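In the UniProt record's numbering, the protein residues as written are 1 to 662.
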C-alpha cells in the first residue's frame, strides 16, 4: 500500500506541474461546467462529502476523455451558525476540562473531534475563534482533495463572508437586485428560534430536526378565582407545569407551552415557577359553562380561541445543543410565492433537464412547499450585511447563485477592493447581466470576465445529497430564475444522491461512526477509495463504504495492473499487435454500454461492466497479443474512477501510444 500511495503522489505532482486541472475558455470545444455544494468549514471533509464529490469527479474526467472542456471548481462556505456553534462548543469544553483529558471526553465532543482530525493539541484553543476555522479548513480541504486526485481548478476557489470582500460584494449585488425586483420583504412572522443563540435557527443551523416546520394552534383560557389555565387542543398535561404572571393574570401552562409562548407575546412574562402536575389534579376551572380539571378530556367545540400559538412540529436542536422554540420576530424574508414565478419553476422542473419522473416530482413538490424563507440573522456572526441594515444574510441565502462567481473568481481579485466596493453593482451588472461597462479603467479585465461567464454558464450539472433538495437545491433554481429573466442561465441538470454508511452504519460524529477523506486515502490509497465510492451505490438509495468492497476493490486494482503490464510486455516483446474483428466489435459494444452508464452517472454499473464484462472478453481470446484493444479501452473506461493507476500504466506502455480520448 505504501508503494501505491507513493506512486499516486508522484502522479499528482505531475498533474500539478502540468496544470492539468486548469480550465480556460476554448471556443473550439464544447464546455461542461460541473459543481458541488461547497461545504461548511466546520471540519475536515469526510466520506459523506467524498461520496457526493465523487459523482462530479467521475463525470468530470469522463467528459474530459470524450473531448469536452471541463470546469470543476470548488469553494468554501463560512457563513452563519455552523462554524460559530462549533467554536462555542469548543470554548465551553475548554472552560470545563483540561485540554489534555481528551481521551476521557465522550465521543462527539468538539474538542475530541478536532483532535481526531489530527489537529495538534497546542493549536486547538485557537479554534475558539471562528476566524481560525475559516483560515485552517479551506487549505485542509484543498490538500485532501488533491490527495484524492480531484480534477478541480483550485484557482477559482473562494470563501464566503466579509473576509472575502469581492464575494461579499457579489452577494450584496444579488440582494440589491432581489430587493429591486420586489422579492425581499421585512415582516414579523413565526420562526424556529434558538434562545441560547438569540437567533433564528434555520435548516443548516440544526443538529436535529433539519426540515421540521411550524404548527399553528388556537389558545384557550379556562379560569378559576386564582388562576388562568392556558392550553391548546393538543396540550397534554403529562409534564410538569409552570405558574407565571402575564397580562395581570396568574397563569398556568405546560413548560413546553410557556417556553414557546413567551417569545410570541408582546406582554412580559414574569415570576415563573415550576409546579408538579399532581398538585393541580383536583383543581377545577370554568370553561365555557363546564367545570374541568387538567386530566379531563376537554370539549373545545363551543370554545373561543383567545389567540394564535405556534410550536415546532417536532423536536429541533440547534448546533449549540439547545432545544428550539417558535418566536415571532421582525426579520427579512425572500418571497418565493409569486404565482408566475412558481409556474415558471414547475414548468422547468418537469422538462427534460430532469432525467426521471422521480426527479421531476421531487422538485415540483419542493417548489410547491417553498413560500417564504427567513434570510437574515442578527449579531456577530460571519456573513454579508443585508442591504444597508445590521442584519446578516443567512447561510442558505448567500449560496444560491455563487456558481456564477466561479466563472470569474480567479480574475475578480485583480480588481482592487476599494474600486469594487464603490461600484460593485455596476461591475456585476456588466459581467453577469446586460449592464453598461463601468468607466473605472479596467475595461480589458471586465470584458474578459464577461467572456468567461458567457462561455461557461449555465451550470451543466449540479450534484447534491438528498438532504439539500428542500432548501438549497430548490432555492438555487428559484434564485437563478429571479435574477435572470430567461431560462438560459438556469442549471441544466441536477443529480441527487443518497447518504453513505460505513459498513451499514449511518455516519455520525456523536456516535463515533465517522471517517475523514484523508484517513481513508492514508489507509487505502486514492484509487481504492475512489473505486469503493463508485461501487458503493447509485441514485438516491443509501450507499455503503464497506470492508467487503475495500478488499474487492484492492484486489481488482492489483490484478488489473498486473494483467495490463503483462499484456504490454508481451506486445512489446513481439513488436506487433494482432487485430481481431470479432473482438473489436464486442469491445465497442461493451464500451458503448459503459459510456451510457457514465452519462447516467450510474457508476456501480460502470464498474461491474468494466470488470465483469469488458475484461471477460479476454477469456474468449486467449492470445495476449490480441488483448491490446481491451487494455486500451479498459484504461480509458476506468480512467475517470482510477486515474492514478491508468496514468501509471500509460507511462509503462508509452511505446504503444494508447488512446487517451474516446
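We treat Cβ as the ideally placed atom computed from N, Cα and C, and that holds for glycine. Note that the structure is predicted; figures quoted are calculated from it, not measured.
Name the DSSP beta bridge partners of residue i, please?
{"i": "residue 242", "result": "253, 274"}
{"i": "residue 376", "result": "393"}
{"i": "residue 70", "result": "32"}
{"i": "residue 360", "result": "Per DSSP, none; premise fails for residue 360."}
{"i": "residue 187", "result": "331"}
{"i": "residue 663", "result": "Nothing in the structure corresponds to residue 663, since the chain is present only between 1 and 662."}
{"i": "residue 76", "result": "159"}
{"i": "residue 217", "result": "309"}
{"i": "residue 9", "result": "Looking at the DSSP assignment, residue 9 forms no beta bridge with any residue, so it has no partner."}
{"i": "residue 664", "result": "Residue 664 is absent from the model: the chain starts at 1 and stops at 662."}
{"i": "residue 94", "result": "Answer is none; residue 94 lacks a bridge partner."}
{"i": "residue 449", "result": "Note: residue 449 sits in no beta bridge, so no partner."}
{"i": "residue 399", "result": "Beta-bridge pairing links residue 399 to no other residue."}
{"i": "residue 229", "result": "222, 252"}
{"i": "residue 269", "result": "246"}
{"i": "residue 194", "result": "199"}
{"i": "residue 17", "result": "DSSP output for residue 17 lists no bridge partner at all."}
{"i": "residue 385", "result": "392"}
{"i": "residue 597", "result": "Answer by DSSP bridge pairing: none, since residue 597 is not bridged."}
Classify residue i: buried if its beta carbon has 16 or more other beta carbons within 10 angstroms, exposed otherwise.
{"i": "residue 345", "result": "buried"}
{"i": "residue 672", "result": "Summary: the structure shown does not reach residue 672, with the chain confined to residues 1 through 662, and so no result is reported for it."}
{"i": "residue 275", "result": "exposed"}
{"i": "residue 225", "result": "exposed"}
{"i": "residue 297", "result": "exposed"}
{"i": "residue 197", "result": "buried"}
{"i": "residue 749", "result": "Residue 749 cannot be examined here, being either before or after the span of the chain that is shown, 1 to 662."}
{"i": "residue 73", "result": "buried"}
{"i": "residue 654", "result": "exposed"}
{"i": "residue 232", "result": "buried"}
{"i": "residue 551", "result": "exposed"}
{"i": "residue 65", "result": "buried"}
{"i": "residue 255", "result": "exposed"}
{"i": "residue 130", "result": "buried"}
{"i": "residue 631", "result": "buried"}
{"i": "residue 267", "result": "exposed"}
{"i": "residue 236", "result": "exposed"}
{"i": "residue 50", "result": "buried"}
Leaving out five residues on either side along the sequence, give the residues of the same chain with a beta carbon under 8 Å from the beta carbon of residue i.
{"i": "residue 137", "result": "41, 42, 43, 44, 76"}
{"i": "residue 663", "result": "Outside the displayed span of the chain (1 to 662) sits residue 663, for which this structure offers no information."}
{"i": "residue 556", "result": "531, 611"}
{"i": "residue 348", "result": "477, 481, 487, 490"}
{"i": "residue 466", "result": "496, 497, 498, 499, 540"}
{"i": "residue 515", "result": "46, 47, 502, 507, 545"}
{"i": "residue 452", "result": "25, 407, 408, 411"}
Leaving out five residues on either side along the sequence, give the residues of the same chain with a beta carbon under 7 Å from the beta carbon of residue i.
{"i": "residue 58", "result": "534, 603, 640, 641"}
{"i": "residue 510", "result": "107, 108"}
{"i": "residue 445", "result": "411, 414, 415"}
{"i": "residue 469", "result": "362, 366, 496"}
{"i": "residue 693", "result": "An answer regarding residue 693 cannot be provided, because it is not within the stretch 1 to 662 covered by the chain."}
{"i": "residue 456", "result": "31, 33, 71, 407"}
{"i": "residue 505", "result": "513"}
{"i": "residue 174", "result": "401, 483"}
Under 6 Å Cβ to Cβ from residue i, same chain only, skipping five residues before and after it: list those, please.
{"i": "residue 646", "result": "635, 639"}
{"i": "residue 546", "result": "503"}
{"i": "residue 161", "result": "78, 79, 382, 383"}
{"i": "residue 370", "result": "336, 474"}
Using 8 Å as the cut-off, can you tell me whether the region 217-227 makes contact with the region 286-295, which would need three or more C-beta pairs spanning the two stretches below that distance? yes
State whether the region 68-83 contacts the region 487-496, with contact taken as three or more CB pairs (one from each stretch) at a distance under 8 Å. no
Evaluate the contact criterion for the region 243-254 versus the region 302-313: three or more CB pairs, one atom per stretch, below 8 Å. no
Taking contact to mean 3 or more Cβ pairs, one atom from each stretch, closer than 8 Å, check whether the region 461-471 and the region 19-38 are in contact. yes
4-residue-minimum alpha helix (DSSP H) runs that sit fully inside the UniProt domain "Methionyl/Leucyl tRNA synthetase" (451-551), ordered along the chain: 474-483, 517-524, 526-536
Contact between the region 429-438 and the region 183-193 (3+ Cβ pairs under 8 Å): no
Extract the residue ranges of the alpha helix (DSSP H) inside the region 307-353, only unbroken runs of 4 or more that lie entirely within it. 339-349
Meets three-Cβ-pair contact criterion under 8 Å: the region 374-388 and the region 341-358: no
Can you confirm whether the region 137-148 touches the region 383-395 when touching is taken to mean that 3 or more C-beta pairs between the two stretches lie within less than 8 Å? no
With three or more beta-carbon pairs closer than 8 Å as the criterion, would you say the region 300-307 touches the region 324-343? no
Can you list the alpha helix (DSSP H) stretches of 4 or more residues lying completely in the region 606-653, in chain order? 628-638, 643-652
Touching by the beta-carbon criterion (3+ pairs, under 8 Å), the region 380-387 and the region 419-433: no
Touch check for the region 6-25 and the region 142-156: three-plus C-beta pairs under 8 Å? yes
Can you give, in chain order, each stretch of the alpha helix (DSSP H) that sits fully within the region 109-153 and has at least 4 residues? 110-116, 130-148
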